[in-house]
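Read through the structure below, which is laid out as structure tokens, and then see the notes.
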Amino acid sequence: MREVMNEPMMRSHLRFPALLCVATGLALTLAACDGPDKQIGQLDGESGESGESGESGESDESGESDESGESGEPGDSSDTSSTDETGADDSCAPALAALEQKLSDEQGNGNSCALVLRYTYETAEFIGWHINCAPPTPDLSLEEAQMMSAWPGNDESTTEDAYVLYTSPGDFGGVTYFSKRSGLLFEGSIVWAGMGDILHPEHVEDPLMLGTGCADTQPPQAVELWPYNFVVGDLHVLPEEASAVAGALWDTAALYAVTPGTTIAVIAYPRTVGAFAPDVAEFVVVIDYP
């Protein structure tokens, strides 16, 4: 751990939440980062639905008949965001099963897949996600990647599995993430005093489709984390706001489908140049499955 903390964040095999804490440059211990906070990344859409059962801590203790007057019908109890003995929300298991099936099917067709997840910079609110599957291109050269990019800048990648092309913005610039496994995964512009466009992925799926309440369902494998900070400071040390992204990721099925060889990139993407605007900036997480 000390080696990792004393050097720029390069190749390391640690559990993701702890590693993300290291990547932010925070002096946090493994114990402080290892456990997910189930409240982080909880979506208003779901918690709002259980506004009355939002205090379902009491209604869960339904052995107390004095509260069962309103929810006395057994059918109603299924409306609360029920959890099993592992603490997992009902939506987690089917989301994880669907994701694992998708990865398996694509692998059977000779493809590799990656998840791209977008989060707000200030609060790590989950904006949406996209899955990209493509035949691996292990021999893709930097020149070929640059020719396919809207922003064919310098390669800032610290891994042989991907190119992270960055064109430093004057009035305009941008970031492109090419995986040799899964193809073009992210491309976004950075503009002066405005908000850059995200060119790829063009659309994202509803966050709820990736499940919620997945924390503690099963321990994910150790993974490699690659931080890219295009906001301010050291390129390979994430801003401290990124620490909330770990909790948000734990809440979905995304991390629980990882297998050995999975890599994760976290991109601090400013979208604007000039005066930094945290309200438009984002964290983009790329989970590249083998």
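With UniProt numbering as the guide, the letters of the sequence shown map in order to residues 1 to 290. Ideal placement from N, C-alpha and C gives every residue a C-beta, glycine not left out.
Selection from the options that minimises the alpha carbon distance to residue i
i	options	result
E125	S243, A95, A275 and I264	S243
M209	G174, A215 and A254	A254
V231	G213, D251 and F276	F276
K180	C133, L140 and F283	L140
G211	W192, G274, L249 and Y228	L249
K102	A93, I131, C92 and S91	I131
W192	A97, F283 and D171	D171
Backbone secondary structure at residue i - three-state DSSP
i	result
P239	coil
A268	strand
L140	coil
E282	strand
G174	strand
Assigned exposure category for residue i - 16 Cβ within 10 Å defines buried
i	result
N109	exposed
S189	buried
D161	buried
S239	The sequence shown places Pro at residue 239, rather than the Ser named in the question. Burial call: buried.
N154	exposed
S168	exposed
G173	buried
P135	exposed
C-beta contact flag for residue i and residue j at 7 Å
i	j	result
A281	P270	yes
A145	E187	no
A95	S182	no
Y166	F178	no
E106	P278	no
I287	I267	no
L99	A257	yes
C214	T252	yes
W129	E241	no
T158	W226	yes
Cβ distance (whole Å) where residue i is taken to contact residue j below 8 Å
i	j	result
V223	L117	With 8 Å as the limit, V223 and L117 do not qualify as a contact, their Cβ atoms being about 14 Å apart.
T259	Q221	6 Å
M195	T272	6 Å
S112	C133	7 Å
M148	L199	The pair is not a contact, with the Cβ atoms about 12 Å apart (cut-off 8 Å).
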